[in-house]
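Heads up: the sequence shown runs through residues 8 to 252, numbered per the numbering used here. Idealized CB from N, CA, C, for every residue including glycine. Being a predicted model, the structure only gives us computed values, none of them experimental. Before any comments, here is the structure.
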Amino acid sequence: MPNILPPLTTLLDDIRREADGFSGHVGLAARRVEGKESIRFNADDIFSTASVIKLVVLVEYLAQVATGELLSTSPITLQPEKLVEGSGVLKDLQPGARITLHDLATLSITISDNTASNMLIDAVGGLARINTRLRDLGMARTVMGRPFVFDSPVDNTGSPADFLHLLLALAQGQVVSPTVSGQVLDLMGRQQFMTYIPRYLPYHPFAAEYGLPQPLTIANKVGMLRGTVNDAALITTPDYRYGLV
């Protein structure tokens with residue numbers, strides 16, 4: 008399979024040219040998992056994370072399951088005051104439904120369900136536990152300041168470099184444990200928003216169902232707010248793996 012990435016100097020020139028013609032603020036960080044080839048553009052700048060930070064909520068949840076602090080099968084009752092607008096389906100269900108922590112985590116990542124994510128934050132012990140996990144992960148420039156509120160102000164912020172660091176650690180099995188790292192990547196591989204990074208690659212989300220060849224594996228998490236679009240992806244080709252934020 009031909010190399011999907013052009014030479015890094017050419018790629019950086021292309022990024023600068025696109026950014027110069029764009030009215031917003033662009034940041035990017037990319038690196039191969041095996042090797043030191045990387046590219047950075049405003050990679051340490053601070054941006055709204057939008058829903059990409061749900062990955063860290065997931066990590067904290069899975070870490071607590073791994074230690075026995077939480078049980079993935081524990082049911083949580085959907086309360087009316089917990090319903091949040093924006094992405095997801097729980098906001099459309101009747102209050103009183105009982106949903107396991109495992110299913111909340113699945114909804115949080117695969118369809119970026121805001122209500123499920125907030126219920127998971129409560130289950131793991133709140134924002135303090137998430138921010139401690141961020142420090143443990145080495146994501147020094149990322150902060151979670153509030154639960155998810157539709158089109159909320161910028162209270163959850165981070166850098167492309169921080170999320171690239173997370174992707175590379177996941178790829179190497181270094182986030183909590185190889186098992187937890189694999190569980191995170193499995194859910195990322197099943198998330199359903201493919202309109203950002205994957206749309207520009209030779210990737211078909213239903214290749215298996217249609218019996219089509221699939222040259223790539225993509226595990227990603229998107230985020231979107233008014234004026235903000237994010238994606239963090241670990242991309243596996245037959246020849247190499249790379250993280251792109």
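- Exposed is the label assigned to T80, since fewer than 16 other Cβ atoms lie within 10 Å of its Cβ.
- The three-state secondary structure of G95, taken from DSSP, is coil.
- Listed in chain order, the beta strand (DSSP E) elements of length 3 or more contained wholly in the stretch 116–199 are 163–165.
- Counting C-beta pairs closer than 8 Å gives three or more between the stretch 57–66 and the stretch 115–126, which meets the contact rule.
- Pairing L223 with L208, the inter-Cα distance amounts to about 8 Å.
- In this structure, Q71 keeps its C-beta atom at 9 Å or more from the C-beta atom of L85.
- Collapsing the DSSP output to three states places R206 in a helix.
- Secondary structure note for L35: its beta strand (DSSP E) is the uninterrupted segment L35 to R39.
- DSSP, reduced to helix, strand and coil, places Y247 outside both helices and strands of the structure shown, so it counts as coil.
- Straight-line spacing of the CA atoms in A135 and E41 works out to 33 Å.
- If the five residues before and after S188 are omitted, its C-beta is found closer than 6 Å to the C-beta atoms of L177, G180 and V182, all from its own chain and listed in chain order.
- By the CB criterion at 9 Å, P212 and D51 fall outside the cutoff.
- Using a 10 angstroms sphere on the CB of T149, the tally of other CB atoms reaches 16 or more, which defines it as buried.
- Shortest Cα-Cα distance from R153 to any of G34, D110, I242 and T164 involves T164.
- Around the CB of F200, 16 or more other CB atoms lie within 10 Å, so the residue is classed as buried.
- For R47, DSSP records a beta bridge to A36.
- Cβ-Cβ distances below 8 Å link I22 to V33, L35, I46 and F48 in the same chain, with the five nearest sequence neighbours on each side left out; the list follows chain order.
- Taking the Cβ atoms as the reference, F155 lies roughly 6 Å from V91, within the contact range of under 8 Å.
- By the 16-neighbour rule on beta-carbons within 10 angstroms, S94 is buried.
- Spanning the alpha carbons of Y203 and V96 requires a straight line of approximately 21 Å.
- A214: not part of any beta strand (DSSP E); member of the alpha helix (DSSP H) spanning A214 to Y217, first to last residue.
- 9 Å or more divides the Cβ of Q198 from the Cβ of Y210.
- Annotation for T113: L194 place their beta carbon closer than 7 Å to its own, counting only its chain and skipping 5 residues before and after.
- Residue burial is scored here from C-beta neighbours: P205 has at least 16 other C-beta atoms within 10 angstroms and is therefore classed as buried.
- According to the DSSP assignment, T74 belongs to the alpha helix (DSSP H) that extends over K61 to T74.
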